[in-house]
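Asker:
Number of protein chains: 2
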Amino acid sequence: MPQRLGRTLLLPGAPKILGYAAVVGQKEGEGPLGQEFDKIYEDTHMGQDSWEKAESQLVQHAVSVALSKAALTPDQIHYMFTGDLLNQNVATTFGVRDISIPLFGVFSACASMSETLGLCAMFIEGGLADHTLAATSSHFCTAERQFRMPLEYGGQRTSTSQWTVTGAGALVVAREGAGPSIHAVTVGKILDLGIKDAANMGAAMAPAACDTLMTFFSDTNTGPGDFDLILTGDLGVVGSRLLRELLEREGIDLGTRYADCGMLIYDLNHQDVAAGGSGCGCSATVLCSRILNKLNSGELGRVLFVATGALMSPTATQQGQSIPGIAHLVELHGK
Amino acid sequence: MPQRLGRTLLLPGAPKILGYAAVVGQKEGEGPLGQEFDKIYEDTHMGQDSWEKAESQLVQHAVSVALSKAALTPDQIHYMFTGDLLNQNVATTFGVRDISIPLFGVFSACASMSETLGLCAMFIEGGLADHTLAATSSHFCTAERQFRMPLEYGGQRTSTSQWTVTGAGALVVAREGAGPSIHAVTVGKILDLGIKDAANMGAAMAPAACDTLMTFFSDTNTGPGDFDLILTGDLGVVGSRLLRELLEREGIDLGTRYADCGMLIYDLNHQDVAAGGSGCGCSATVLCSRILNKLNSGELGRVLFVATGALMSPTATQQGQSIPGIAHLVELHGK
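Those sequence lines, one after another, are chains A and B. Terminal number for the first sequence in the working numbering: 335, no gaps in between. Terminal number for the second sequence in the working numbering: 670, no gaps in between.
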């Protein structure tokens, strides 16, 4: 049975991650984690006739490999939780359309991987399901044209801008079995400090990550020193620095055990990605490759996975709205 | 503890709906349910400077009234589940931005009210929360310009088209207390029979409603005669007729106890809405007014609420994709 400590829900049953997969594009394959992905597509179209369909192909591929690694068939999965950045979630919807599993669509922008992972684990702990599946995705080309400019326009990028990861991650959670385990979930509240620069998402999301981490540390009476890794989703260079500063003001030093998926997935010195990677696919593919690999091997013990989302749309930005941020936290333990 | 029967999850703890509210626009206020709404805004802008902000205002208002009727404050709600039709869910996100409750964003298009209601009830039954909140919305003007044409264009409407409801519904679910109760949830799978006409959503969604209802009847060994009302979300005239036909082919007669929120909310003979109402706000405002009123008074006993969603986007339609449908079912009992 789940136990509540303030805003944090402890999961004493420790649901297990039985299988996971990360499928990416060429640029991600050329980055530091290249060897750890399940599949690298050389072609940005992944054999499809549009980038949106290509993103769906990434999702379908990741789900299929995750199921296979978990040695489960779709009819054994009680629910799946999926989300992406595209209008009306079409990347994941069309990606899982032919996989016959009851579906909960979710949206937390780039925080969707921790929302879906948290829901998967909570459903298992609450006895609502025996097996659950999470999947999220993003694609540089679909995101650019939807959120910013047509690619053909060749718009200049600012130093605070981030590069949307082309990739999908999927994982399967179960009550029993061998694999990394999930011990706590802290669901984020919306925080909006008035940032309006859509080319500086890290700054919009850092306060939410700070709030969720502070809440978790306070609820569980822990601090950064109790964890081997504190991993945000896609704050990038600017947002990560801000998060450190915000926490330092509260007397919390993240020290050397902090990392950000957006800074791990690319070689920031050589891959021309400005402030790092971003997108639902960023935290999803980093989690579902190196991080879960290290939790599986025991190289990592206790990890806090804190994906952040910027809950804006181009329409909201054009109407002068600021960018609300959210961050959901999931505590993972090594096998 | 929840009990599983096939794809259906029974909730023996019978979570209760403690408070609910429906807030609508003028056209909805002039319809047959006008007397039962909590607030009717005469102005389509609801005092805001854009229709998107107006839709957020509807959400904020509905959530505020639902909390007040439940006699609860935001800090007593462990989680809220919200969703709408706008790109990146901005109507609900900005509507609840200032309400400090941990947030799970969801997306099932027009099925979002049954997804959020189902999640609220499942979280209570699984011991994951003491109080949960659901809210969804739509607005005729935001939906028209996003999914179809600028309003100023004055596009012709086909006889199969539906009128997006301007309204928001919100409700609060709890383990204890007096109110209509929730007894079962059947989460839908995606069904796509190849319909490509974005002006005929009812036809795209009817097969999903048929599949979910058939699954529920089979799982629970019940039939339409066991319920006082079987209520779909926004199939409209065309989709409702199709649903009846699809079920008749399987030997199931919906009889006189079937209704559709899209046909209840407007006077179809006099309000010029073609095949009826649609949108997240359609099922949300009908559920959170007349239906819950009648469950509250005991006038209705057992009700199946089956909101359906068309999981498409304009981009997907332009790329030649067919329209996947989904339907989530929630069984409600009168007080």
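Beta carbons are placed, not taken as given, at the ideal position from N, Cα and C, and that holds for glycine. Nothing here was measured: the structure is a model prediction, and the numbers come from that model.
Measure the Cβ-Cβ separation of B:ASN628 and B:LYS670 and say whether it is below 8 Å.
Answerer: Position 293 of the second sequence, counted from the start, is the residue given in the question as residue 628 of chain B. Position 335 of the second sequence, counted from the start, is the residue given in the question as residue 670 of chain B. No, Cβ-Cβ distance for B:ASN628 and B:LYS670 is not below 8 Å.
Asker: Would the stretch 396-408 of chain B and the stretch 350-358 of chain B be scored as touching if the rule is three or more Cβ pairs under 8 Å?
Answerer: These segments touch.
Asker: Relative to the C-alpha of A:ASP234, which candidate in A:GLU250, A:HIS270, A:SER64 and A:LEU287 has its C-alpha closest?
Answerer: Counting from 1 along the first sequence, the entry for residue 234 of chain A is found at position 234. The candidate whose alpha carbon is nearest that of A:ASP234 is A:LEU287.
Asker: Using DSSP's beta-bridge definition, name the partner residues of A:GLN3.
Answerer: Position 3 of the first sequence, counted from the start, is the residue given in the question as residue 3 of chain A. The partner list for A:GLN3 (beta bridge, DSSP) reads A:LEU10.
Asker: From the DSSP secondary-structure annotation, give me the bridge partner or partners of B:LYS524.
Answerer: In the second sequence, the residue the question calls residue 524 of chain B occupies position 189. For B:LYS524, which the question treats as bridged, DSSP gives no partner whatsoever.
Asker: Count the other C-beta atoms from every protein chain shown that fall within 10 angstroms of the C-beta of A:THR158, then say buried if there are 16 or more, exposed otherwise.
Answerer: By 1-based counting over the first sequence, the position of residue 158 of chain A is 158. Burial call: exposed.
Asker: Can you have a look at B:PRO347 and say buried or exposed, based on whether 16 or more other CB atoms are within 10 angstroms of its CB?
Answerer: Locating residue 347 of chain B in the second sequence gives position 12, counting from the first residue. Exposed: under 16 other Cβ atoms inside 10 Å.
Asker: Counting only C-beta atoms, is A:ASN89 closer than 8 Å to chain B at any point?
Answerer: Within the first sequence, residue 89 of chain A is the residue found at index 89, counting from 1. Yes - at least one Cβ of chain B is within 8 Å of the one on A:ASN89.
Asker: Against chain A, does B:ARG432 count as a neighbour if the rule is that its beta carbon must be under 8 Å from one of theirs?
Answerer: Within the second sequence, numbered from 1, the residue matching residue 432 of chain B stands at position 97. Chain A contact via Cβ: present.
Asker: Quick one, which of A:ASP197, A:ALA198, A:ALA174 and A:ASP211 has its alpha-carbon nearest A:LEU191's?
Answerer: Translated into positions along the first sequence, residue 191 of chain A becomes position 191. The candidate whose alpha carbon is nearest that of A:LEU191 is A:ASP211.
Asker: Tell me whether B:GLY489 sits in a helix, a strand or coil according to DSSP, three-state version.
Answerer: For the purposes of this step, residue 489 of chain B is identified with residue 154 of the second sequence, where counting begins at 1. In this structure, B:GLY489 counts as coil in the three-state DSSP scheme.
Asker: In chain B, what lies closer than 7 Å to A:LYS196 by C-beta?
Answerer: For the purposes of this step, residue 196 of chain A is taken as the residue at position 196 of the first sequence. Near A:LYS196 there are no residues of chain B at all, since even the closest Cβ is about 14 Å away, more than 7 Å.
Asker: Find the nearest neighbour of A:GLU248 within the set A:SER289, A:GLY262 and A:ALA206, judged by alpha-carbon distance.
Answerer: As a first step, residue 248 of chain A is located in the first sequence; it is residue number 248 there, counting from the start. Ranking the options by Cα distance to A:GLU248, first place goes to A:ALA206.
Asker: Report the rounded CA-to-CA distance for B:MET448 versus A:GLN146, giving the unit in angstroms.
Answerer: For this step, residue 448 of chain B is matched to residue 113 along the second sequence. For this step, residue 146 of chain A is matched to residue 146 along the first sequence. One C-alpha to the other measures close to 27 Å.
Asker: Is it buried or exposed, A:MET149, if we count other Cβ atoms within 10 angstroms and call 16 or more buried?
Answerer: Residue numbering aside, residue 149 of chain A sits at position 149 when the first sequence is read from its first letter. Looking at its Cβ environment, which holds fewer than 16 other Cβ atoms inside 10 Å, A:MET149 is exposed.
Asker: List, in chain order, every chain A residue whose beta-carbon is nearer than 8 Å to that of B:LYS524.
Answerer: Locating residue 524 of chain B in the second sequence gives position 189, where the first residue counts as 1. By Cβ distance, chain A contributes SER100, ILE101, PRO102 and LEU103.
Asker: Considering only the beta carbon of each residue, do A:CYS261 and A:CYS282 sit closer than 8 Å?
Answerer: Taking the first residue of the first sequence as 1, we reach residue 261 of chain A at position 261. Taking the first residue of the first sequence as 1, we reach residue 282 of chain A at position 282. The answer is yes: Cβ separation under 8 Å.
Asker: Would you report the Cα separation of A:MET80 and A:ILE101, rounded to the nearest angstrom?
Answerer: Along the first sequence, one-based indexing puts residue 80 of chain A at 80. Along the first sequence, one-based indexing puts residue 101 of chain A at 101. Cα-Cα distance, rounded: 7 Å.
Asker: What distance in whole Å lies between the Cβ atoms of A:THR315 and B:THR422, which are believed to be in contact at a cut-off of 8 Å?
Answerer: For this step, residue 422 of chain B is matched to residue 87 along the second sequence. For this step, residue 315 of chain A is matched to residue 315 along the first sequence. The sequence given here places Asn at residue 422 of chain B; Thr does not occur at that position. The Cβ separation is near 6 Å, so the contact holds.
Asker: How would you label A:ALA178, buried or exposed, when you count the other beta carbons within 10 angstroms and need 16 or more for buried?
Answerer: As a working note, residue 178 of chain A is residue 178 in the first sequence. Burial call: exposed.
Asker: Using three-state DSSP, classify A:GLU250 as helix, strand or coil.
Answerer: Indexing the first sequence from 1 puts residue 250 of chain A at position 250. In the structure shown, A:GLU250 sits in coil (DSSP, three-state: anything other than H, G, I, E or B).
Asker: List the residues of chain B that A:ASP192 touches, going by C-beta distances under 7 Å, in chain order.
Answerer: Residue 192 of chain A sits at position 192 when you count from the first residue of the first sequence. Going along chain B in sequence order, the residues near A:ASP192 (Cβ under 7 Å) are ARG432.
Asker: Whose C-beta lies closer than 6 Å to the C-beta of A:SER240 among residues of the same chain, with five residues either side of it excluded?
Answerer: Residue numbering aside, residue 240 of chain A sits at position 240 when the first sequence is read from its first letter. The answer, listed in chain order, is ASP260.
Asker: So, for A:ALA129: in the same chain, excluding its five sequence neighbours on each side, which residues have a beta-carbon less than 6 Å away from its beta-carbon?
Answerer: Within the first sequence, the letter at position 129 stands for residue 129 of chain A. The residues are HIS78, TYR79 and PHE123.
Asker: So, with DSSP's three-state summary, where would you put A:ARG145?
Answerer: Counted from its first residue, the first sequence places residue 145 of chain A at position 145. It is helical.
Asker: Give the list of continuous beta strand (DSSP E) stretches no shorter than 3 residues that lie fully inside the stretch 368-424 of chain B.
Answerer: The stretch 368-424 of chain B contains these whole beta strand (DSSP E) runs: 414-419.
Asker: For the candidate residues A:SER278, A:GLU331 and A:GLN321, whose alpha-carbon lies nearest to that of A:ILE291?
Answerer: To locate residue 291 of chain A, count along the first sequence from 1; it is residue 291. The candidate whose alpha carbon is nearest that of A:ILE291 is A:GLU331.
Asker: So, do the stretch 527-539 of chain B and the stretch 358-375 of chain B have three or more beta carbon pairs nearer to each other than 8 Å?
Answerer: Contact between the stretch 527-539 of chain B and the stretch 358-375 of chain B is absent, because fewer than three Cβ pairs lie under 8 Å.
Asker: Compare the Cα-Cα distances from B:ALA470 to each of B:SER443, B:LYS524, B:PHE439 and B:GLY418 and report the closest residue.
Answerer: Mapped onto the second sequence, residue 470 of chain B falls at position 135. Of the listed residues, the one whose Cα sits closest to B:ALA470 is B:GLY418.
Asker: Using a C-beta to C-beta distance shorter than 8 Å, which residues of chain B count as neighbours of A:TYR79?
Answerer: Residue 79 of chain A sits at position 79 when you count from the first residue of the first sequence. Within chain B, the residues near A:TYR79 are VAL522.
Asker: Compare the C-beta of B:THR493 with all C-beta atoms of chain A and state if any pair is closer than 8 Å.
Answerer: Counting from one through the second sequence, the residue named residue 493 of chain B turns up at place 158. Output row for B:THR493: interface = no.
Asker: Can you check DSSP and say which residues form a bridge with A:TYR20?
Answerer: Position 20 of the first sequence holds residue 20 of chain A. Note: A:TYR20 sits in a beta bridge opposite A:LEU171.
Asker: Who pairs with B:THR499 in a beta bridge, going by DSSP?
Answerer: If you number the second sequence from 1, residue 499 of chain B lands on position 164. Answer is B:SER613.
Asker: Take A:LEU117 and list the residues in its own chain whose beta-carbon comes closer than 6 Å to its own, dropping the five residues that flank it on each side.
Answerer: By 1-based counting over the first sequence, the position of residue 117 of chain A is 117. Only ALA134 and VAL330 meet the Cβ criterion.
Asker: Between B:GLY462 and chain A, is the shortest Cβ-Cβ distance under 8 Å, so that the two count as touching?
Answerer: Along the second sequence, read from residue 1 onward, the residue named residue 462 of chain B stands at position 127. Yes, B:GLY462 counts as interfacial toward chain A.
Asker: In whole angstroms, give me the CA-to-CA distance for B:ILE517 and A:VAL106.
Answerer: Within the second sequence, the letter at position 182 stands for residue 517 of chain B. Within the first sequence, the letter at position 106 stands for residue 106 of chain A. B:ILE517 and A:VAL106: Cα-Cα distance of roughly 22 Å.
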